[in-house]
Amino acid sequence: MKKDKLLVFYLLISLIALTPNRLLAEIIILSSCDNKKDGFLKNEYILDLEKSLMTRNYVYNEKTFKKYRVTDLSVKKSNTLTKFIYLEDDKILTDKVGYPQFYTQLVFDMNSPLINIKTVINNEEGISSMSKCKKIERFKKES
Numbered sequence: 551m552k553k554d555k556l557l558v559f560y561l562l563i564s565l566i567a568l569t570p571n572r573l574l575a576e577i578i579i580l581s582s583c584d585n586k587k588d589g590f591l592k593n594e595y596i597l598d599l600e601k602s603l604m605t606r607n608y609v610y611n612e613k614t615f616k617k618y619r620v621t622d623l624s625v626k627k628s629n630t631l632t633k634f635i636y637l638e639d640d641k642i643l644t645d646k647v648g649y650p651q652f653y654t655q656l657v658f659d660m661n662s663p664l665i666n667i668k669t670v671i672n673n674e675e676g677i678s679s680m681s682k683c684k685k686i687e688r689f690k691k692e693s
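In this note's numbering, the protein residues as written are 551 to 693.
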């Protein structure tokens with residue numbers, strides 16, 4: 551009886567350890583993303599669900615670079631941003647940026663090329679489209 555319980559326990563542990571988790575070992579790359587406000591030569595988002603990180607690589611076009619450079623000399627033509635992400639329902643959200651009464655965060659739908667921005671002011675929520683990507687690639691990490 552004790553051996554049967556031990557065998558069942560080891561089988562359950564083995565099944566749990568060997569069951570692949572499709573979300574946690576996946577990388578999603580959204581590239582060639584158009585922006586509603588700015589122009590880019592390169593604009594891509596890399597969502598590493600295992601590490602819970604979003605990496606955004608972008609290069610401004612000349613017009614957008616000059617627009618931002620006039621008011622901020624620290625602006626670079628190309629840049630990389632990294633933010634933490636988390637899963638909520640069928641969406642991927644970035645960390646909140648701002649204060650508790652006012653914050654923004656990016657919202658990615660798992661199967662959509664659209665990138666939305668969520669703005670919250672005093673618990674009033676608004677979501678608007680920020681970017682649309684022409685290419686979505688999914689990679690599963692294998693160990």
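Cβ atoms here follow ideal geometry from the backbone N, Cα and C, with glycine treated the same way. Because the structure is a prediction, the values reported are computed rather than measured.
- Query: Is the beta carbon of residue 652 less than 9 angstroms from the beta carbon of residue 629?
  - Reply: Looking up residue 652 in the sequence shown gives position 102. Looking up residue 629 in the sequence shown gives position 79. Contact: no.
- Can you tell me which of 647, 642, 646 and 687 puts its alpha carbon nearest to the alpha carbon of residue 665? If you number the sequence shown from 1, residue 665 lands on position 115. Nearest C-alpha to residue 665: 642.
- Message: For residue 682 and residue 606, I'd like the C-alpha separation in whole angstroms.
- Response: Here residue 682 refers to the residue found at position 132 of the sequence shown. Here residue 606 refers to the residue found at position 56 of the sequence shown. Going by the C-alpha atoms only, they are around 14 angstroms apart.
- Task: Check whether the Cβ atoms of residue 622 and residue 640 lie closer than 9 angstroms to each other.
- Result: As a first step, residue 622 is located in the sequence shown; it is residue number 72 there, counting from the start. As a first step, residue 640 is located in the sequence shown; it is residue number 90 there, counting from the start. Using a Cβ distance threshold of 9 angstroms, residue 622 and residue 640 do not count as a contacting pair.
- Boundaries of the beta strand (DSSP E) in which residue 632 is found, first to last residue: The sequence position of residue 632 within the sequence shown is 82, counting from 1. Start and end: 628-638.
- Item | CA-to-CA distance, residue 585 to residue 598, given in whole angstroms | Sequence index remark: in the sequence shown, residue 598 carries index 48 (1-based). Sequence index remark: in the sequence shown, residue 585 carries index 35 (1-based). Roughly 22 angstroms between the two C-alpha positions.
- Message: Can you find the residues in the same chain that come closer than 8 angstroms, C-beta to C-beta, to residue 576, ignoring five residues on each side of it along the sequence?
- Response: Indexing the sequence shown from 1 puts residue 576 at position 26. If we look at residue 576 and ignore the five residues flanking it on each side, its Cβ neighbours are 599, 600, 688, 689, 690 and 691.
- Message: Can you find the residues in the same chain that come closer than 8 angstroms, C-beta to C-beta, to residue 650, ignoring five residues on each side of it along the sequence?
- Response: The residue you call residue 650 lines up with position 100 of the sequence shown. So no residue of the chain qualifies.
- Query: Where does residue 656 land, buried or exposed, given buried means 16+ other C-beta within 10 angstroms?
  - Reply: By 1-based counting over the sequence shown, the position of residue 656 is 106. By the neighbour-count rule (16 or more Cβ atoms within 10 Å), residue 656 is buried.
- Got a sec? Which residues, its chain only, sit under 7 angstroms from residue 611 by beta carbon, not counting five neighbours each side? In the sequence shown, residue 611 corresponds to position 61, counting from 1. Cβ neighbours of residue 611 within its own chain (closer than 7 angstroms, five residues either side excluded): 589, 590 and 591.
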